[in-house]
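Here's the structure, in structure tokens; my notes come after.
Numbering (our numbering), first residue to last: 34 to 236.
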């Protein structure tokens with residue numbers, strides 16, 4: 034199972050635990066007016082009412098609520114980390130991801146020379162700007178909160194605190210597996226290690 038699947042499964046366990054604590058039945062979910070208003074607001078205004086978005090207009094079951102929360106948490110944390118924090122690693126070699134090109138693309142295949150390609154790449158000034166931008170985007174904040182870290186105690190009930198503790202232990206286990214796997218690799222992949230996944234988008 035790949036890192037994204039393992040993370041999704043652990044987040045799903047966590048959201049299912051918490052949903053199960055606060056919602057004793059599917060009926061309670063369906064009758065939660067604040068929840069339904071939130072889900073509808075996201076669908077109508079966030080997704081512009083598009084069915085193709087995959088977002089529901091309402092949520093009627095605990096399972097669907099857990100799934101919804103998992104998508105939100107995974108997207109704002111793991112998916113963003115995987116896309117964002119590797120930018121310098123992959124984009125600092127300018128030909129790999131040029132921020133601009135100084136000539137139009139060729140109209141005929143097989144006639145471009147290496148000199149033409151080099152002349153098309155951005156100049157030193159634009160390249161330096163690009164390097165600075167992707168470096169800055171790839172840095173963590175000094176006080177970064179990573180996945181599973183909740184210093185502000187919004188939940189005070191013992192069952193929820195226990196669910197949070199289990200979640201952190203599950204995330205720690207993933208960190209250990211990824212660290213072990215990367216030990217002898219020339220090109221390690223750690224972008225989905227929970228200790229490198231901020232709790233939310235923070236750039």
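Just so you know, even glycine gets a beta-carbon here, dropped at the ideal spot from N, CA and C.
Other residues of its chain near residue i: CB distance less than 7 Å, five sequence neighbours each side excluded
i	result
residue 136	152 and 153
residue 94	59 and 62
residue 224	114, 115, 118 and 119
residue 47	196 and 200
residue 159	132 and 133
residue 228	179 and 208
residue 99	45, 48, 49 and 52
Residue environment, residue i, which counts as buried when at least 16 other CB atoms sit within 10 Å
i	result
residue 181	buried
residue 36	buried
residue 167	buried
residue 40	buried
residue 103	buried
residue 145	exposed
residue 107	buried
residue 91	exposed
residue 221	exposed
Collapsed DSSP secondary structure at residue i in the structure displayed
i	result
residue 37	helix
residue 139	coil
residue 128	helix
Same chain only: Cβ atoms within 6 Å of residue i, ignoring 5 sequence neighbours per side
i	result
residue 50	196
residue 178	232
residue 43	203
Cutoff 8 Å; reference residue i; Cβ partners in own chain excluding five residues on either side
i	result
residue 89	72, 76, 97 and 101
residue 155	127, 131, 132, 133, 134, 135 and 163
residue 125	164, 167 and 168
Entirely enclosed alpha helix (DSSP H) segments - the segment 164–226, minimum 4 residues: For the segment 164–226, whole alpha helix (DSSP H) runs of length 4 or above, ordered along the chain, are 191–215.
Inter-stretch contact (C-beta, 8 Å, three-pair minimum) for the segment 79–89 and the segment 183–190: Counting C-beta pairs closer than 8 Å gives fewer than three between the segment 79–89 and the segment 183–190, which falls short of the contact rule.
Touch test, the segment 106–119 against the segment 218–235, Cβ-Cβ under 8 Å, three pairs minimum: The way I'd put it, the segment 106–119 does touch the segment 218–235; three or more beta-carbon pairs between them come closer than 8 Å.
Validate contact between the segment 60–73 and the segment 189–204 using beta carbons, cut 8 Å, 3 pairs: Not touching, per the Cβ criterion.
Where are the beta strand (DSSP E) runs, 3 residues long or more, that stay fully inside the segment 38–69, in chain order? Contiguous beta strand (DSSP E) elements confined to the segment 38–69 do not occur, taking only those with 3 or more residues.
Assess contact between the segment 71–78 and the segment 217–225, defined as three or more Cβ pairs (one per stretch) separated by less than 8 Å. Is contact present? Contact between the segment 71–78 and the segment 217–225 is absent, because fewer than three Cβ pairs lie under 8 Å.
Can you check the segment 63–112 for any alpha helix (DSSP H) of at least 4 residues that lies completely inside it and give the ranges in chain order? Within the segment 63–112, the complete alpha helix (DSSP H) runs of at least 4 residues are 66–74 and 95–107.
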